[in-house]
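See structure below.
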Amino acid sequence: NAGVTQTPKFQVLKTGQSMTLQCAQDMNHNSMYWYRQDPGMGLRLIYYSASEGTTDKGEVPNGYNVSRLNKREFSLRLESAAPSQTSVYFCASSERGTPGTGELFFGEGSRLTVL
Amino acid sequence: GENVEQHPSTLSVQEGDSAVIKCTYSDSASNYFPWYKQELGKGPQLIIDIRSNVGEKKDQRIAVTLNKTAKHFSLHITETQPEDSAVYFCAASKGGAQKLVFGQGTRLTINP
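So the sequences go chain by chain: A and B.
Residue numbering for the first sequence follows the working numbering, starting at 1 and increasing by one per position.
Residue numbering for the second sequence follows the working numbering, starting at 1001 and increasing by one per position.
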């Protein structure tokens, strides 16, 4: 089993460009999440999907949109990238409905640079 | 909302010695406290967690202690080995519809 797979692993964008980060999990988990990791700030939740068909905002949702395409896939879209969105993005999944009630399984991350 | 503070931000210990990382949280209703380990170029991985009805939990060389009165919890690693070098994150949550809040991370380096 691959676990949680993210693509791309690296991306460089110019300010104003758009892009989508893809995430897929093969553990049949109900819940999926997108986090961003910045130096000295830990991991911050952008959006999550407690189950197929639902999405909710996390701590830092501004500038992002998400789509829960099916049970396996959860994508994160930046419509108009800004330098403040330069970060490492992690997708995660869990069996239970919301963060904080079960183990999170993380992908290996996507490093995004916005110039 | 919940706020989690983690200290120190960097920690360097000699191989074989013990390492302790401490976290404080602000919301007394938080009841779930996991610790994640992130190796270079990888995503975080859960190494141990504790719930508020327990004061201490051990798993081989790692242990977590929780003091609900003082609202702090700590990760203890004994007999450290080179493979323990990583970034460690604590987190806290009230569970249910609440979100998991992470600390800022501690970069642990084990010196041979």
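A virtual CB, placed ideally from N, CA and C, is assigned to each residue, including glycine.
Predicted model, so just to flag it, every value in this text is computed and none were measured.
* Look up E1056 (chain B) in the DSSP assignment and say whether it is helix, strand or coil. => strand
* **7 Å Cβ cut-off: residues of chain A touching F1102 (chain B)** => G42 and L43
* Asked: For T20 (chain A), which option in A:G102, A:F106 and A:C91 has the closest C-alpha, if you only look at C-alpha atoms?
  -> A:C91
* To do: Sort out for me which residues DSSP pairs K49 (chain A) with in a bridge.
  => Reading the sequence as shown, one finds Ser at residue 49 (chain A) and not Lys. S49 (chain A) pairs with A:M32.
* Please report how far the alpha carbon of G53 (chain A) lies from the alpha carbon of S1018 (chain B), in whole angstroms. => 46 Å
* Can you give me the Cβ contacts of T15 (chain A) inside the same chain, cut-off strictly under 7 Å, excluding the 5 residues immediately before and after it? => A81, A82, P83, V114 and L115
* Asked: Which partner residues does R44 (chain A) have in the DSSP bridge list?
  -> A:R36
* Please classify N1031 (chain B): is it buried, with 16 or more other beta-carbons within 10 angstroms of its beta-carbon, or exposed? => buried
* Asked: If you check the beta carbons only, do Y64 (chain A) and L78 (chain A) fall under 8 Å apart?
  -> yes
* Asked: Between the C-alpha atoms of P1044 (chain B) and S1012 (chain B), what's the straight-line distance to the nearest angstrom?
  -> 20 Å
* Could you spell out where the beta strand (DSSP E) holding A1063 (chain B) opens and where it closes? => I1062 to N1067
* Going along the chain, which residues of its own chain have a beta-carbon closer than 7 Å to the beta-carbon of A2 (chain A), five neighbours each way excluded? -> D26
* Can the beta-carbon of G1041 (chain B) be found less than 8 Å from the beta-carbon of T1080 (chain B)? -> no
* What are the boundary residues of the beta strand (DSSP E) that A1029 (chain B) is part of? -> Per DSSP, A1029 (chain B) belongs to no beta strand (DSSP E) and is neither H nor E.
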